[in-house]
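Residue numbers (this note's numbering): 47 to 179. Note that CB positions come from ideal geometry on N, CA and C, so glycine has one too. Predicted model only: the values in this text are computed from it and were never measured. The next block holds one structure in the form of structure tokens; read it before the comments.
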Amino acid sequence: MNRQILLALAVLVIIVMAIGVYEGHKYRTEINTIVIGGQQTDGTYTLKVNVIMNYGLFGGESPLPNAVIWIYKYNGTTYSFYTYNFTNSQGIASFSLPAAQYKILVTQLHLTYIVTLNQNEEVIIKYAYLNSG
């Protein structure tokens with residue numbers, strides 16, 4: 047009887063560990079770009095950067111307010127600083143930029159992403175906070 051109980055507990059522990067490994071493997075930083083539609087205004091497009099902190103399975107997600115977002119413009123050989131903005135309380139920073147290739151830097155997270163802007167776009171960054179180490 048005791049062996050059956052121990053065997054059942056061992057199987058339960060293995061199942062729980064497998065679920066934990068699976069969930070841990072899914073937990074990572076994700077960056078997606080979506081088209082937000084609309085036309086260019088005065089030769090510029092809208093670029094929105096949405097920064098969301100992902101605190102894991104039990105921590106949930108929340109926007110990163112007051113983050114500094116730097117934009118670098120590609121000039122053919124290198125990226126040069128172009129402009130910056132802060133995220134609002136929803137974690138969104140908006141820019142009006144001419145069509146070009148840009149590097150986005152979220153300074154607090156030391157995270158960069160390159161985007162070619164030729165339409166209105168939103169870059170959604172879901173940062174895996176617990177994996178940042």
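Best match in the options for proximity to residue i [C-alpha to C-alpha]
{"i": "Tyr125", "options": "Thr90, Ile82, Phe141 and Trp116", "result": "Trp116"}
{"i": "Tyr91", "options": "Asn121, Glu107, Tyr173 and Val161", "result": "Val161"}
{"i": "Gly89", "options": "Gln165, Tyr175 and Ile171", "result": "Gln165"}
{"i": "Glu168", "options": "Arg74, Asn100 and Thr79", "result": "Thr79"}
{"i": "Thr123", "options": "Glu69, Glu107, Gly105 and Gln147", "result": "Gln147"}
{"i": "Tyr73", "options": "Asn48, Tyr159 and Glu107", "result": "Glu107"}
Within 8 Å, strictly: CB atoms of residue i and residue j
{"i": "Leu157", "j": "Ala145", "result": "no"}
{"i": "Tyr118", "j": "Leu151", "result": "yes"}
{"i": "Gly102", "j": "Leu55", "result": "no"}
{"i": "Gly66", "j": "Val97", "result": "no"}
{"i": "Pro111", "j": "Ser135", "result": "yes"}
{"i": "Val114", "j": "Phe127", "result": "no"}
{"i": "Val95", "j": "Ala139", "result": "yes"}
Counterpart residues of residue i in DSSP-defined beta bridges
{"i": "Val67", "result": "DSSP output for Val67 lists no bridge partner at all."}
{"i": "Ile80", "result": "Glu168"}
Presumed contact (8 Å Cβ cut-off) between residue i and residue j, rounded CB distance
{"i": "Ile171", "j": "Ile77", "result": "5 Å"}
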